[in-house]
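Residue numbers (the working numbering): 10 to 86.
Structural data, given as C-alpha cells:
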C-alpha cells in the first residue's frame, strides 16, 4: 500500500523503512527507534531457527523479521 493511501490522525505520522514498510506512529509517547531496526537486521544475519521476542512493545522487531522473510518461527510476547 503506498504511503499516500494510509490514513492517520493529527497526532500521528508515517515512518517509512527500507522502501518496504510504512508504520503509523504517535508523534508523542512511545515510538520505536533505530535500536529495534538494528536488532532485527542482526537477527537476520544469524543462523535462523526459532525466534522469541519478549516484551515486544509495538512488535516492530517481529514485524520486520517476518517482512524480510525470516526462515524460522517467530513468537512475540
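Idealized CB from N, CA, C, for every residue including glycine.
Keep in mind that this is a model prediction, so the values were computed, not measured.
At a cut of 8 Å, does the stretch 30-38 reach the stretch 49-61 through at least three beta carbon pairs? no
For residue 62, count neighbouring Cβ atoms within 10 angstroms of its own Cβ and tell me buried if that reaches 16, exposed if not. So residue 62 counts as buried.
Where do the N-terminal and C-terminal ends of the alpha helix (DSSP H) with residue 60 fall, by residue? From DSSP, residue 60 is part of no alpha helix (DSSP H) but of the beta strand (DSSP E) over 60-62.
Where does residue 71 sit, in a helix, a strand or coil, going by DSSP? helix
When you compare only the Cα positions, how much space is there between residue 44 and residue 51? In a straight line, the C-alpha of residue 44 is about 10 Å away from that of residue 51.
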